[in-house]
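Peer 1: A single structure is presented below for examination.
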Amino acid sequence: MKLLNAAFIGLILSTSLLVNTASAGLILDEDFDPITSTDWTLSNASVLGNPASEFFSLNALHFSGSGIRSASTNAFDMTTGGLLSFMLKIGGSLDTSTFEDADSGEDVLIQYATNDGAWVDLQVIDTEDSNYKDTWGMVNISITGDAMSNDTKFQFVQARHSGSNWDNWAIDNVSLSNNASADIPEPSTFAIFALGMMGLVSRRAKK
Ligand SMILES: [Ca+2]
Ligand SMILES: [Ca+2]
Ligand SMILES: [Ca+2]
Numbered sequence: 068m069k070l071l072n073a074a075f076i077g078l079i080l081s082t083s084l085l086v087n088t089a090s091a092g093l094i095l096d097e098d099f100d101p102i103t104s105t106d107w108t109l110s111n112a113s114v115l116g117n118p119a120s121e122f123f124s125l126n127a128l129h130f131s132g133s134g135i136r137s138a139s140t141n142a143f144d145m146t147t148g149g150l151l152s153f154m155l156k157i158g159g160s161l162d163t164s165t166f167e168d169a170d171s172g173e174d175v176l177i178q179y180a181t182n183d184g185a186w187v188d189l190q191v192i193d194t195e196d197s198n199y200k201d202t203w204g205m206v207n208i209s210i211t212g213d214a215m216s217n218d219t220k221f222q223f224v225q226a227r228h229s230g231s232n233w234d235n236w237a238i239d240n241v242s243l244s245n246n247a248s249a250d251i252p253e254p255s256t257f258a259i260f261a262l263g264m265m266g267l268v269s270r271r272a273k274k
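If you're matching positions, the sequence shown starts at 68 in this note's numbering and goes up one per residue.
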């Protein structure tokens with residue numbers, strides 16, 4: 068009987084793990100090691116290796132060219148809402164050749180567009196923000212409100228800077244998840260079901 072109980076506990080745990088993985092709803096997972104180029108439209112952005120160990124984890128997407136610097140995603144179904152998460156570093160007073168100090172007003176914008184409409188700001192990150200200046204920091208943005216459409220794309224963009232090789236920034240470990248589908252049972256439902264089965268089996272065993 069102990070063996071049976073252990074088997075059921077194992078079933079509960081493994082089922083919970085399976086369901087957790089499914090309900091995470093990960094729809095974009097990019098570490099740039101290497102880049103999945105079909106997932107991105109890039110302008111004045113390039114994947115670099117690890118110059119002088121200044122990058123977060125192996126390659127990062129580095130912005131340095133002249134003209135508008137941007138990286139935009141494909142469109143996703145975001146009707147359930149979700150979370151956009153990524154690592155960001157902006158050049159600061161360390162002022163290296165990879166991360167030249169980005170000046171005030173040369174903000175990094177995170178935007179969305181629905182149905183190929185105009186870009187709308189999700190978050191504006193000031194170049195003087197100490198969470199990201201000269202250091203890698205994580206950005207988490209909840210996808211809510213008007214961004215929740217069945218055709219939503221995202222963009223990382225710096226519209227103003229002093230030109231090629233000035234005012235640099237980079238991103239890494241970009242992930243986008245939508246909220247769990249209503250069709251996927253919660254782990255607790257499975258756990259209750261399995262516990263019920265355990266009771267049933269132990270009763271039968273006693274008989
Ligand atoms: Ca990376
Ligand atoms: Ca500068
Ligand atoms: Ca500048």
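Quick reminder that beta carbons are idealized off the backbone N, C-alpha and C, glycines included.
Pick out every residue whose C-beta is nearer than 5 Å to a heavy atom of ligand 5: which are they, in chain order?
Peer 2: In the structure on display, ligand 5 does not appear, and the ligands it does have are ligand 1, ligand 2 and ligand 3.
Peer 1: Let me know if Thr88 comes out buried or exposed under the rule of 16 or more other beta-carbons within 10 Å of its beta-carbon.
Peer 2: Because Thr88 carries a pLDDT of 42, less than 50, the predicted location of this residue cannot be relied on, and no value is offered for it.
Peer 1: Among Met205, Glu167, Ser197 and Ile210, whose alpha-carbon lies nearest the alpha-carbon of Gln178?
Peer 2: The option with the nearest alpha carbon to Gln178 is Ile210.
Peer 1: Would you mind giving the Cβ-Cβ distance between Ser139 and Asn111, rounded to the nearest angstrom? I have them listed as a contact below 8 Å.
Peer 2: Contact doesn't hold; Cβ gap of about 12 Å is too wide.
Peer 1: Going by beta carbon distance, what residues of the same chain come within less than 8 Å of Gly172, once the five residues before and after it are set aside?
Peer 2: The answer, listed in chain order, is Thr194 and Arg227.
Peer 1: Could you spell out where the beta strand (DSSP E) holding Leu176 opens and where it closes?
Peer 2: Val175 to Thr181 is the extent of the beta strand (DSSP E) around Leu176.
Peer 1: CB of Glu292 to nearest heavy atom of ligand 2: below 7 Å?
Peer 2: Only positions 68 to 274 of the chain appear in the structure, and residue 292 is not among them; the question remains open.
Peer 1: Determine whether the Cβ of Asn117 lies closer than 8 Å to any Cβ atom of chain D.
Peer 2: This model lacks chain D altogether, as it is built from one protein chain only.
Peer 1: Among the residues of its own chain, which have a CB less than 7 Å from the CB of Asp106, if the five just before and after it don't count?
Peer 2: Excluding sequence neighbours, Asp106 sits near Leu95, Glu97, Thr140 and Asn141.
Peer 1: How about Asp100 and Asn117: do their beta carbons lie closer than 8 Å?
Peer 2: Against a cut-off of 8 Å, the Cβ pair of Asn117 and Asp100 comes out as no contact.
Peer 1: Name the DSSP bridge partner or partners of Glu97?
Peer 2: DSSP, once it has assigned bridges, lists Val241 as partnering Glu97.
Peer 1: Can you name, in chain order, every residue of its own chain whose Cβ lies under 7 Å from the Cβ of Asn235, other than the five neighbours on each side?
Peer 2: Result list for Asn235: His129, Phe130, Ser131, Gly158, Thr165, Phe166, Glu167 and Ala169, in chain order.
Peer 1: Any heavy atom of ligand 2 inside 7 Å of the beta-carbon of Ser164?
Peer 2: No, the Cβ of Ser164 stays beyond 7 Å of every heavy atom of ligand 2.
Peer 1: For Gly77, which residues of its own chain have a beta-carbon under 8 Å away from its beta-carbon, when the five flanking residues on both sides are left out?
Peer 2: Caution is warranted here: a pLDDT of 48 is assigned to Gly77, below 50, making its placement in the model unreliable, and the coordinate value is therefore given only provisionally. Taken in chain order, the list of residues that qualify is empty.
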